[in-house]
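In the working numbering, the protein residues as written are 37 to 253. Where is the CB? At the ideal position from N, CA and C, for every residue including glycine.
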Amino acid sequence: MLSSTQLSTMLNLQDAMNTKVNAEWLTAGYDYLRAAMIESVEGIEHHGWKWWKHQEKDLPQLQMELVDIWHFALSAIIIKFDGDIEESASVIAKELADDTHSVDFDGKQYNFAKANLLDNLQLMTGLCAANRFSVPLFMKIVTQTDMDANELFRQYVGKNILNFFRQDHGYKEGSYTKLWDGKEDNEHLVEILNATDINAEKYSDLIYTALSARYPS
Numbered sequence: 037m038l039s040s041t042q043l044s045t046m047l048n049l050q051d052a053m054n055t056k057v058n059a060e061w062l063t064a065g066y067d068y069l070r071a072a073m074i075e076s077v078e079g080i081e082h083h084g085w086k087w088w089k090h091q092e093k094d095l096p097q098l099q100m101e102l103v104d105i106w107h108f109a110l111s112a113i114i115i116k117f118d119g120d121i122e123e124s125a126s127v128i129a130k131e132l133a134d135d136t137h138s139v140d141f142d143g144k145q146y147n148f149a150k151a152n153l154l155d156n157l158q159l160m161t162g163l164c165a166a167n168r169f170s171v172p173l174f175m176k177i178v179t180q181t182d183m184d185a186n187e188l189f190r191q192y193v194g195k196n197i198l199n200f201f202r203q204d205h206g207y208k209e210g211s212y213t214k215l216w217d218g219k220e221d222n223e224h225l226v227e228i229l230n231a232t233d234i235n236a237e238k239y240s241d242l243i244y245t246a247l248s249a250r251y252p253s
């Protein structure tokens, strides 16, 4: 389960990133769950669903889609509670602690604990389309893609910090260098994440500092 420290870190990072994009993001009317719905559909594509042709599940890409969905879901939750990070974290923690295994959708109970990954991705897509999000369902999907709470936290923080780093180093203006010493920035990020203890104090700051140390001056 996600710890209170992990929830607080992710929610604060999400608020900060959204604010960097638009200081008035809380009232801008952005439909974050629509974005999550689109990412859910892309997750279904990476899983494979077509019975008329051979397909293989692309697990790394599916995991990346889930990390993107979590960005959008956290944004929607923060908006729901008028920007109150502490309350947002408390509600998420309560949902996870309740150990719910089903959701009511369109008058029917869906037991996602017993459903397969593809069906759960479809259920999450439908909920997002109806402007709803189930954290327990999402975390079940996370485990079905061979991730746990710590891996979700690791990948989420890594991508968020890399986005920050890019923005701070001219990404929007077109002056950012994506290739460092023969490797793309996301490859450097993977190496940094693998070498950094997720339980370290100021984990996100450590990742940013390590990126800065590698970035060509």
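>> Output needed for Ala-64: all residues of its chain with C-beta closer than 6 Å, excluding positions within five of it in sequence on either side, in chain order.
In response: Hits under 6 Å: Asn-58.
>> With H, G and I counted as helix, E and B as strand and the rest as coil, what does DSSP make of Lys-116?
In response: Residue state, collapsed to three classes: helix.
> Looking only at DSSP bridge pairs, what is Trp-216 linked to?
Replying inline: Bridge partners of Trp-216: Lys-219.
> Start and end of the alpha helix (DSSP H) containing Tyr-239?
Replying inline: In the DSSP annotation of this structure, the continuous segment of the alpha helix (DSSP H) that includes Tyr-239 starts and ends at 239-250.
> What do you get for Thr-161, buried or exposed, if any count of 16 or more other CB atoms within 10 angstroms of its CB means buried?
Replying inline: Counting every other CB atom within 10 Å of its CB across the protein chains shown gives Thr-161 a total of 16 or more, marking it as buried.
> Around the Cβ of Gln-42, are there at least 16 other Cβ atoms within 10 angstroms (buried) or fewer (exposed)?
Replying inline: With 16 or more Cβ atoms within 10 Å of its Cβ, Gln-42 is classed as buried.
> Taking Cβ to Cβ, would you say Gln-99 is nearer than 8 Å to Thr-181?
Replying inline: In this structure, the beta-carbon distance from Gln-99 to Thr-181 falls below 8 Å.
> In terms of residue numbering, what span does the alpha helix (DSSP H) encompassing Gln-50 cover?
Replying inline: Gln-50 -> alpha helix (DSSP H) spans 40-57.
> Exposed or buried, Thr-45, counting other C-beta atoms within 10 Å across all chains shown (16 or more means buried)?
Replying inline: That one is buried.
> Which of the three DSSP states, helix, strand or coil, is assigned to Phe-141?
Replying inline: In this structure, Phe-141 counts as strand in the three-state DSSP scheme.
>> Measuring alpha carbon to alpha carbon, tell me which residue in Arg-250, Leu-110, Asp-204 is nearest His-224.
In response: Ranking the options by Cα distance to His-224, first place goes to Arg-250.
> Is there at least one non-hydrogen atom of the ligand GDP closer than 7 Å to the beta-carbon of Ile-197?
Replying inline: This structure lacks the ligand GDP; in fact it carries no ligand of any kind.
> Any idea what DSSP makes of Tyr-68, helix, strand or coil?
Replying inline: When DSSP states are grouped into helix, strand and coil, Tyr-68 belongs to the helix group.
> Name the DSSP beta bridge partners of Tyr-146, please?
Replying inline: In DSSP, Tyr-146 forms a bridge with Val-139.
>> Am I right that Leu-247 and Phe-169 are in contact with their C-beta atoms under 8 Å? What's the rounded C-beta distance?
In response: The beta-carbon distance between Leu-247 and Phe-169, rounded to whole angstroms, is 30 Å. This is too long to meet the 8 Å contact definition.
> Helix, strand or coil: how does DSSP classify His-107 here?
Replying inline: Looking at His-107 - three-state DSSP - the assignment turns out to be helix.
> Between the beta-carbon of Val-103 and the beta-carbon of Tyr-244, is there less than 8 Å?
Replying inline: Val-103 is not a Cβ neighbour of Tyr-244, given a cutoff of 8 Å.
>> Using 8 Å as the cut-off, can you tell me whether the stretch 72-80 makes contact with the stretch 143-161, which would need three or more C-beta pairs spanning the two stretches below that distance?
In response: Flag = yes, the stretch 72-80 and the stretch 143-161 touch.
> What first and last residue would you give for the alpha helix (DSSP H) that runs through Ala-166?
Replying inline: From DSSP, Ala-166 is part of no alpha helix (DSSP H); its letter is neither H nor E.
> At which residues does the alpha helix (DSSP H) containing Asp-204 begin and terminate?
Replying inline: Element bounds for Asp-204: 185-204.
> Among Lys-176, Ala-231, Ala-52, which one has its Cα closest to the Cα of Ser-138?
Replying inline: That would be Lys-176, whose Cα lies nearest to the Cα of Ser-138.
> By DSSP, does Thr-161 sit in helix, in strand, or in coil?
Replying inline: Secondary structure of Thr-161 (DSSP, three-state): helix.
> At which residues does the alpha helix (DSSP H) containing Ser-124 begin and terminate?
Replying inline: Note, Ser-124: alpha helix (DSSP H), 121-133.
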